[in-house]
Amino acid sequence: MSWLVVIGLTAITFVNRYLFFSNQLKLRLGVRGQRFLRYSSFAVLTAIWVPIVIRLEYRPMHLDIAGWDYLIAAAVAGVLTLMRVPALFVVLVSSALFFCLRFWVLA
Amino acid sequence: MLCDASARYVIWRAVLDTLPLSVAVIPWGILTGALTIQVGFSPLAAQCMSLLVFAGAAQLSAITLVGGGSSILSIYASGFVISSRHLLYSITFRQHVQHLPLRWRLAIAFVLTDEMFAVSEAHTANTGTFSPSFALASGFSFYLVWNLATLLGIIAGESFGHLESLGLDFAIAATFIAMTFDQVRKMPVAMTMLVSGVLAVFLQPVLPDSYLIFAALAGMVVGYLLDSDVAPT
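Taken in sequence, the protein lines are chains A and B.
Just so you know, we're using the numbering used here here: the first sequence kicks off at 397 and counts up by one.
Just so you know, we're using the numbering used here here: the second sequence kicks off at 168 and counts up by one.
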């Protein structure tokens, strides 16, 4: 299974990177296709991180946050990013806050 | 092409310009290496994943899906959707690389990441011309750091066991917030994030295999429809 994942993903990611570098390819993505792809990173990255912070259970119907440590630290990361703090510091500061909350303040 | 003094300057410029992004990716690489080990990959397979796939978001989502017991097809489908943004980078670079020999195009494509794309585009904007040497040097310096960081994670993951109980997945959330959230001021981006985030939360329990694809595509459709260049005003 693990090697199937590695080899398959290698092919998939490389094709996505190389496709339009190919001289064989005559087809081009139109303006509409490019506009659609413009939102792909926002859509995908958000769909990955939100369920880490907010988790839903259907049995019984119960929306729950993963924990106040996740929610507070994620909110701080969002605010720092909006303040145009460099990404490196956003990750370091919010992660430090997260671990303080998890193992010290809320423990 | 790579030997004279000006070419060496371009290479060092590229490495230095990429350095802040390389540092930022270290914790993410460590986490990826550790989590890959913990979902059952051998250390060799885990390192080969970083050496060959070299796509942080695709690697992390794939190992999350492996950990959740997803099928190989849904892992491939998610990997395709996540790395589909590279199609956009590939289109953008097409005009710059089309005339290059095949080995240059293959090498630049192999190291084409979000970070290399961003740094190279900035360099092109500053100098007025796209430099293949700059793009390659930026990409490979990032590649080196990513692989060393995942190696550290693989070693840590083997030594310490259940790292996920520490809440290291928060670093994924923090990194993705830092990479996207400053664009939330733009209405189409904000609505893309809202739709993708809400759908992901609601779909994950019922569609653990494919929630990512549906949530992402729905968000992209909403963003596209609200795009000021598309939407009637």
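Idealized CB from N, CA, C, for every residue including glycine.
These figures come from a predicted structure and were not determined experimentally.
Quick one: give me the first and last residue of the beta strand (DSSP E) that residue i is part of.
| i | result |
| --- | --- |
| residue 452(A) | 450 to 454 |
Mapping the DSSP letters down to three states, classify residue i as helix, strand or coil.
| i | result |
| --- | --- |
| residue 459(A) | strand |
| residue 253(B) | helix |
| residue 435(A) | coil |
| residue 354(B) | helix |
| residue 374(B) | coil |
| residue 486(A) | helix |
| residue 475(A) | helix |
| residue 278(B) | coil |
| residue 303(B) | helix |
| residue 266(B) | coil |
| residue 480(A) | coil |
| residue 401(B) | No statement about residue 401(B) is possible, as the shown extent of chain B runs from 168 to 400 and does not include it. |
| residue 397(A) | coil |
| residue 503(A) | coil |
| residue 426(A) | coil |
| residue 494(A) | helix |
| residue 412(A) | helix |
| residue 363(B) | helix |
| residue 260(B) | helix |
| residue 241(B) | helix |
| residue 381(B) | helix |
| residue 297(B) | coil |
CB-CB under 8 Å to residue i, same chain, minus the five flanking residues each way: which ones, in chain order?
| i | result |
| --- | --- |
| residue 188(B) | 282, 285, 286, 309 |
| residue 252(B) | 281 |
| residue 458(A) | 452 |
| residue 242(B) | 229, 232, 233 |
| residue 366(B) | 378, 381, 382, 385, 386 |
| residue 204(B) | 210, 213, 320, 321, 324, 325 |
| residue 341(B) | none |
| residue 497(A) | 464, 465, 468, 469 |
| residue 226(B) | 199, 203, 216, 217, 220 |
Closer than 6 Å by C-beta to residue i: which residues in its own chain qualify, once you throw out the five before and the five after it? Chain order, please.
| i | result |
| --- | --- |
| residue 338(B) | 194, 198 |
| residue 386(B) | 359, 362, 363 |
| residue 494(A) | 465, 469 |
Just reading off the alpha helix (DSSP H) that residue i is part of, what are its end residues?
| i | result |
| --- | --- |
| residue 281(B) | 281 to 294 |
| residue 420(A) | That residue, residue 420(A), is in no alpha helix (DSSP H); it is neither H nor E in DSSP. |
| residue 336(B) | 336 to 347 |
| residue 227(B) | 223 to 234 |
To which residues of the same chain is residue i closer than 7 Å at the C-beta, ignoring the five residues directly before and after it?
| i | result |
| --- | --- |
| residue 415(A) | 421 |
| residue 370(B) | 378, 381, 382 |
| residue 314(B) | 217, 218 |
| residue 291(B) | 297 |
| residue 318(B) | 200, 214 |
| residue 267(B) | 299 |
| residue 394(B) | 355 |
Cβ-heavy atom distance between residue i and the ligand NAD below 8 Å?
| i | result |
| --- | --- |
| residue 270(B) | The ligand NAD is absent from the structure shown, which contains no ligand whatsoever. |
Give the list of continuous alpha helix (DSSP H) stretches no shorter than 4 residues that lie fully inside the segment 168 to 217 of chain B. Unbroken alpha helix (DSSP H) stretches of 4 residues or longer found wholly inside the segment 168 to 217 of chain B: 172 to 205, 210 to 215, given in chain order.
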